[in-house]
Every structure is written in C-alpha cells, then in structure tokens.
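Before any comments, here is the structure.
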Amino acid sequence: MSILIFIISFLFVFGILVFVHELGHFIAAKRSKIEVQEFAFGFPPRLFSKKIGGTEYSINAIPFGGYVRILGEDGSEKNNPNSFSHKSKLVKAKVLSAGVVMNTILAWIILSFLYAIGFLPLIPGMENHKGVSQYFKVENIESNSPAMKTGVQKGDEILRVDEKTINNAIQLRDEMKHRIGQETKVEIKRNGQIKNFNVIPFKDTIEGKEIGRIGIETSEKIKSDSIFLAPVSGFQELWRLSVITIVGIVDVFSKIFTQFTISQDVVGPAGIVYLTGQVSQLGFTFLLQFMAILSISLALFNILPIPALDGGHLLFLAIEKIRGKDISIKSKNTVTIAGFVLLILLVLIVTPRDLNRFGIIEGIKKFLGI
C-alpha cells in the first residue's frame with residue numbers, strides 16, 4: 034500500500050475524531066446560549082459558507098476535522114450575555130468538556146456497532162464480556178477437499194472436533210495436523226441446526242512438515258448474543274479500554290518525571306499515520322476498532338490538566354473557583370503557550386523515533402522514487 038493511502042486513511046480517521054470533538058463544543062455552546070461565530074468542517078482555504086442564526090457554517094479545502102469559533106473564548110466580551118466569558122464556571126466547564134464527551138460517545142457507538150455485526154478483535158480481551166460469544170466459521174472450501182466431499186459448506190460454524198470445543202484456526206489446525214487418514218468427527222452449526230460430519234484429513238506438507246488438513250479457510254468473529262446487548266458489550270469494552278489507556282498514561286508520565294525518559298509505547302503523529310495505514314489494510318472493521326481506540330485516547334489525553342488542552346482550561350476554572358477571582362488573560366496565555374511548546378517538544382522527540390522504527394523514511398523514499 035502506498036504512502037498516499039496511509040495518509041488518506043489517517044485523514045479519514047483523525048478527521049472524523051477531530052470533527053466530532055469540535056461538534057461537541059459546538060452543541061454545548063449552542064445549548065448554553067453562547068454565540069458560535071463559526072462552525073467549520075476542515076481547514077482553510079474556504080470553499081463554501083453560509084450564515085444561519087448568527088453562525089457562519091463553512092466547508093473548507095483541507096478535510097482534516099474542523100474547528101469552532103466561540104464569542105468570548107479569548108476572555109473578551111465579558112459584558113455580553115451571549116459570550117463564553119460571561120457565563121458561569123459550570124457552563125464553561127460543560128462547554129470545555131463537551132468535546133471529550135463526544136469522543137467517548139463516538140467510541141461507544143463504534144464498539145456497539147461492531148458487537149452488533151460481529152468482528153475479529155484487533156486486541157486481546159475484547160471477547161471477555163458477558164453476553165459475547167465467539168464464532169468460528171468456514172470462509173472458503175478447497176475443491177475436492179475432504180471438507181467438500183463430506184458436505185461442509187461456506188458459512189458453517191465450527192463447534193467441536195471429536196467433542197473438543199474449537200474457537201479458532203489454531204485450535205482446529207492443532208487438532209487436525211496429527212490425524213492424517215483418520216476419520217474425525219466435526220460438529221458444525223448451520224442455520225441454527227447442529228450437524229455432524231466424519232472427515233478424513235489428507236496429508237499436506239507445510240514448511241517441510243507433514244500435517245493433516247481438511248481443506249478449509251476460516252474466519253473468527255466475536256458478537257453479542259443479541260443486538261439489544263450490543264450497547265452493553267460496547268460500554269463494557271469502552272470501560273476496559275479506558276482503564277488500559279489511563280494506566281498507560283500514568284505509566285508514561287511516571288517515567289517522564291522519575292526516569293526522565295519517554296516510554297517506547299508513546300507514538301507521535303508520524304507513528305499514528307503509519308499505524309492507521311497498517312490497520313486499514315486489514316479491513317474496515319479493524320479500522321473502526323482502531324478509530325474507537327484512538328477516540329478514547331484522544332478524549333483521555335485531552336482531559337489531562339495540561340495547558341493548551343481542554344483539561345488545562347478546566348484546571349484554570351478550578352483554580353479560579355478556589356481563589357475566588359479570575360486568572361488574568363495574560364497569565365493564561367503565557368501558561369497555555371508554555372504548555373503548547375512542551376507538547377511540540379514531545380512530538381519533536383518522538384517523531385524521529387517513529388520514523389526510524391516504522392521505516393517511514395524508507396517508505397517516503399520509495400514513494401518518491403529516490
């Protein structure tokens with residue numbers, strides 16, 4: 034897959050995540066009767082815009098997320114009742130946290146959809162929820178193979194081999210490889226009915242070793258037992274992934290402050306572009322899983338009390354509430370710029386490592402024909 038497809042995949046995934054995040058701020062501001070000056074899809078140059086109800090809705094040329102311009106977000110217009118700066122700290126907190134909430138909701142919707150339709154997990158543990166079952170089905174059958182001769186069909190769900198439960202291709206392979214020429218009972222489910230076939234594995238040679246095979250290709254999926262349970266399964270997985278992400282974030286910052294090192298698990302924008310492209314090659318359901326994971330990560334990272342992030346602005350509100358007076362705009366801007374610089378430094382440190390370990394530079398050279 035070319036580097037261009039990697040970039041397109043990244044723009045698709047991250048563009049949606051950023052747009053949904055900004056949509057959260059937009060909805061919260063509108064519901065709080067705060068004037069939204071502009072709600073944009075993508076970034077300039079502008080292709081089209083229309084003003085409706087005091088808000089400029091625009092579509093821009095660079096399809097990478099979007100942005101919201103809110104009256105008074107810079108601390109001005111304090112006397113205007115429709116200004117962000119005029120509102121109470123509770124209202125401000127709702128608007129600031131709305132992007133994080135929307136990213137969390139998006140992740141839940143994606144995961145619920147996946148559990149409703151069935152999918153092959155991208156990471157271990159996604160199947161370990163109550164009301165979620167594993168499905169191991171026949172995807173293709175080789176011509177004149179033992180499976181075809183005995184009546185096994187595409188779509189059959191493999192349940193057992195000689196009374197031993199089978200959940201994946203590795204278990205099936207391990208059961209068959211020592212049964213060359215031996216009649217083997219295979220139990221399957223077809224259209225809700227249980228059927229049994231006696232299959233005799235044929236001899237095949239793979240990597241110099243003789244093994245038994247029955248001539249099928251399989252696919253593995255997990256799925257909620259009912260479409261009505263899918264949202265529950267989605268929430269359970271959302272919670273599990275959130276805990277994993279929080280533990281990872283704590284580990285990263287503990288190493289930064291105690292060992293003055295950045296964990297190898299940290300990837301920057303270049304690494305995310307590469308990983309998104311890699312996952313997109315596996316299929317759409319894998320890309321959706323990765324999008325859900327990124328959406329959770331974006332939400333939890335954004336809520337961190339770091340200046341330049343939503344969590345940093347929430348920290349300002351908390352400090353102002355405790356002090357009983359506002360922090361000056363100049364002080365906020367200074368601290369925010371410092372936080373932004375630190376984030377840029379982090380990216381600059383991580384990016385060369387990503388370029389090296391993922392072979393991105395070589396990929397770019399190949400793409401350019403260098």
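According to our numbering, the residues represented by the sequence shown are 34 to 403, in order. Quick reminder that beta carbons are idealized off the backbone N, C-alpha and C, glycines included.
Inset, instruction - Look up V299 in the DSSP assignment and say whether it is helix, strand or coil. - result: coil
Legend entry - Integer-rounded CB distance, given that K210 should sit under 8 angstroms from N231: So it is not a contact: roughly 18 angstroms between Cβ atoms.
Legend entry - Contiguous alpha helix (DSSP H) assignments of at least 4 residues, all confined to the region 303-330: none
Inset, instruction - Measure how close the beta-carbons of G281 and L144 come, nearest whole angstrom, since I'm counting them as under 8 angstroms. - result: Actually they are not in contact, since the Cβ atoms of G281 and L144 sit about 18 angstroms apart, beyond 8 angstroms.
Inset, instruction - Could you check the C-alpha separation between K228 and I221 for me, to the nearest Å? - result: 5 angstroms
Legend entry - The alpha helix (DSSP H) enclosing L388, as first and last residue numbers: I362 to R390
Inset, instruction - Let me know the secondary structure DSSP gives M34 once reduced to three states. - result: In this prediction, M34 scores a pLDDT of 49, lower than 50, which makes its location untrustworthy; no coordinate-derived value is stated.
Inset, instruction - Verify whether the separation of the beta carbon atoms of I233 and P157 is less than 9 angstroms. - result: no
Inset, instruction - Report the option in L50, K122, D107 and I92 whose CA atom is closest to the CA atom of L347. - result: K122
Inset, instruction - Kindly indicate which residue of I336, I326 and I191 has the alpha-carbon position closest to the one of W272. - result: I326
Inset, instruction - Could you tell me the distance, in whole angstroms, from the CA atom of D207 to the CA atom of N177? - result: 22 angstroms
Inset, instruction - Could you spell out where the alpha helix (DSSP H) holding A341 opens and where it closes? - result: In the DSSP annotation of this structure, A341 is not part of any alpha helix (DSSP H), being labelled neither H nor E.
Inset, instruction - State buried or exposed for E253, treating a residue as buried only when at least 16 other CB atoms are found within 10 Å of its CB. - result: buried
Inset, instruction - Keeping to the same chain, check which residues put their C-beta closer than 6 angstroms to that of D189; ignore five residues upstream and five downstream. - result: V171, I221 and R223
Inset, instruction - Note down the Cα distance separating K111 from K83, rounded to an integer number of angstroms. - result: 27 angstroms
Legend entry - Length of the line joining the Cα atoms of I382 and P302: 12 angstroms
Inset, instruction - Taking only runs that begin and end inside the region 160-229, name each unbroken alpha helix (DSSP H) of 4 or more residues, in chain order. - result: 179-183 and 202-209
Inset, instruction - Closer than 6 angstroms by C-beta to M34: which residues in its own chain qualify, once you throw out the five before and the five after it? Chain order, please. - result: Low local confidence applies: a pLDDT of 49 at M34 is under 50, so the model's placement there is unreliable, with the coordinate-based value given in what follows. Spatial neighbours of M34 in its own chain (CB-CB distance under 6 angstroms, excluding positions within 5 residues in sequence) are listed in chain order as Q314.
Legend entry - Given 8 angstroms, three or more beta-carbon pairs between the region 145-156 and the region 192-204: no
Legend entry - Rounded C-alpha distance that separates Q215 from Q167: 28 angstroms
Legend entry - Assigned secondary structure, Q269 (DSSP; H/G/I helix, E/B strand, else coil): helix
Inset, instruction - Work out the CA separation of F334 and S257 for me, nearest whole Å. - result: Straight across, the Cα-Cα distance linking S257 with F334 is about 29 angstroms.
Legend entry - Chain-order list of residues whose beta-carbon lies under 8 angstroms from that of H119 (same chain, five-residue window excluded): The beta carbon of H119 is closer than 8 angstroms to those of G105, E110, K111, N112 and N113 in its chain, skipping five residues each way along the sequence.
Inset, instruction - Check whether the Cβ atoms of V101 and E55 lie closer than 9 angstroms to each other. - result: yes
Legend entry - Candidates I138, Q186, P78 and I95, of which the one nearest I40 by Cα: I95
Legend entry - Same chain, Cβ closer than 6 angstroms to V312, neighbours up to 5 away in sequence not counted: F319, L320 and F323
Legend entry - Start and end residues, alpha helix (DSSP H) containing L337: For L337, no alpha helix (DSSP H) run applies, since DSSP gives it neither H nor E.
Legend entry - Per-residue burial, V165 [other beta carbons within 10 Å of its own, 16 or more giving buried]: buried
Legend entry - Straight-line Cα distance separating N115 from K63: Looking at the two C-alpha atoms, the distance is approximately 10 angstroms.
Inset, instruction - Take I38 and list the residues in its own chain whose beta-carbon comes closer than 8 angstroms to its own, dropping the five residues that flank it on each side. - result: The residues are G310 and S313.
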